[in-house]
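Numbering-wise (my numbering), the sequence shown opens with residue 605 and increments by one.
Beta carbons: idealized from backbone N, C-alpha and C, even for Gly.
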Amino acid sequence: MVREKDVLWQYGKVVDGKTQKVECCFCGANMSSGITRFRNHLAGVSKKDVAPCKQVPDEVRMLAYNLVKTKDKEADAKKQRKKELTLASRHESTSMGESLLSPSPIRTLLHPSIENIWPKRGKELVDDLMGKFFFDNGLPFNVARSRYYQPLIDAIAAYGVGYKGPSSETLRTDILQNVKEEVQKFVDDRRKDWAETGCTIMSDSWTDARDRSLINFLVACPKGTVFLRSADITAHVNDPKYLSNLFEEIIQEVGPENVVQIITDIGDSFKAVGNILCGKYPKLFWAGCATHGVDLMLEDFSKLNLVGRILEVAKEVIRYIYSNTGVLSMMHRFTENRELSKSLSTRFATRFVSLQSLVGLEMQLRHMFTHPDWMASPLNQTEEGRFVASIMHNEEFWIEAKEVKVPNGHWESSPSFETVDSDEEGIGPAIYGKP
């Protein structure tokens, strides 16, 4: 009989080929029934009437042990697959009366007929179900970028067959309460950290869709950042006294002895707030928001005739491309799915970064607007389409756009601003060049 190929055979000597009796090279013990019993013998695993070898070297024992575990896992996986297919078969037999217009997702995934193609199409089927979940519930596609997205999928896979998701009632009661308690614990832990390391109060001023001026207060320390509260300051944007009293409330809530610095916008009102608070708390530092400072600088740049004109033309080109699905699809094909528009939290930064993206794809865009696909497109016959194409063919536009892309010839808007404006923690080293 031909022996199964296994690295452990080198440590055994065949005594009787007919019965597959093997003699251990280390202890001289004889055993039959092939490699399985011999593998357990070398691994030191006591199974049935197999005695562990007491003279096997540690490295061989470890090799044999790992092989035993691997084989056990393969056997368990095979049993699990067989169980799933059995369940699927039963489910199919009891579901024949169901409407063909409403196929069961479970029946679709585990139907015995796809057993042979499961390794190739299994992921595709699961992905389709995930897509249907998104589409049916109107979920934004960027939900897939959530930091909890992949861990959720991994946890469900680890749980195995039979997991049933929580009901809407459970989500809005028990689970919501559990997560609330978890968040509260995080906040309470950070409050303890404030007393140990000190902290920074950060304010973020913004305007909502109803044109209200709002301000968010956050507290940051080395262990993390916590949102504290927000306030409507529409009627008091230019009132340093009111704003300083508002900051005073926050300082008292956090603890004056814990606050090392405050960070605000760099407008005149907030500069005055910084002076008032630093006068009252001599150990307190005030710093202007780097993001706000960069955006004000970009706003000044955009007031220059050349810069303002190029930014406006680039804005119209990008708007046209993104408002026509056919043109957008064509652009993605020519640029290998790169994007022109990137939304940042400040208006002028968005315009400069978008212009920079446009310039970076000059060759691809020029090629696209001279390609037969564009020339044959009905959009090429419209006034707006011809205008955008003429801009893409205009040598002077590209020369001026490259000058505007890097103000004063040396300042790269995108990398630095995206770092400062990011939601990541610990951006100080990136700004100041520290490790």
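{"Query": "Q624 to Y669, Cα distance in whole Å?", "Result": "21 Å"}
{"Query": "Assuming contact is defined by CB atoms lying nearer than 8 Å, are N1043 and S873 in contact in what I supplied?", "Result": "This structure leaves residue 1043 out entirely; the chain is present only between 605 and 1039."}
{"Query": "Considering Cα atoms alone, identify which of T801, H896, F956 is closest to F905.", "Result": "F956"}
{"Query": "Which residue or residues does DSSP assign as beta-bridge partners of D808?", "Result": "N820"}
{"Query": "Do V877 and C803 have their C-beta atoms within less than 8 Å of each other?", "Result": "no"}
{"Query": "Checking the sheet assignment: what are the DSSP bridge partners for R833?", "Result": "F821"}
{"Query": "Please confirm if the segment 768 to 775 is in contact with the segment 826 to 833, defined as three or more CB-CB distances below 8 Å between the two stretches.", "Result": "no"}
{"Query": "Who are the near neighbours of V864 in its chain, counting only those whose CB is closer than 7 Å to its CB and skipping five residues on each side?", "Result": "G802, C803, T804, F889"}
{"Query": "Does the distance from the C-beta atom of G930 to that of L983 stay below 8 Å?", "Result": "yes"}
{"Query": "Is there a Cβ of chain D sitting closer than 8 Å to that of A748, yes or no?", "Result": "The structure shown has no chain D; it contains just one protein chain."}
{"Query": "What span of residues does the alpha helix (DSSP H) with V864 cover, start to end?", "Result": "Per DSSP, V864 belongs to no alpha helix (DSSP H); it is in the beta strand (DSSP E), 863 to 868."}
{"Query": "Going by C-alpha to C-alpha distance, which of L818, K827, F991 sits closest to R794?", "Result": "K827"}
{"Query": "By a C-beta neighbour count over all protein chains shown, 10 Å radius and 16 as the cutoff for buried, is W810 buried or exposed?", "Result": "exposed"}
{"Query": "Evaluate D680 with the Cβ neighbour count: other Cβ atoms within 10 Å of its Cβ, from every protein chain shown; 16 or more gives buried, anything less gives exposed.", "Result": "exposed"}
{"Query": "For the beta strand (DSSP E) containing K617, name the first residue and the last one.", "Result": "616 to 620"}
{"Query": "For G616, which residues of its own chain have a beta-carbon under 8 Å away from its beta-carbon, when the five flanking residues on both sides are left out?", "Result": "V626, E627, C628, C629, F642"}
{"Query": "Within this structure, are the beta carbons of V917 and F973 separated by less than 8 Å?", "Result": "no"}
{"Query": "Where does N941 fall in DSSP's three states?", "Result": "coil"}
{"Query": "Which residues share a DSSP beta bridge with M635?", "Result": "V626"}
{"Query": "May I ask which residues mark the beginning and end of the beta strand (DSSP E) holding W890?", "Result": "889 to 892"}
{"Query": "Taking only the alpha-carbon atoms, compute the straight-line gap between E678 and G764 and give it to the nearest angstrom.", "Result": "16 Å"}
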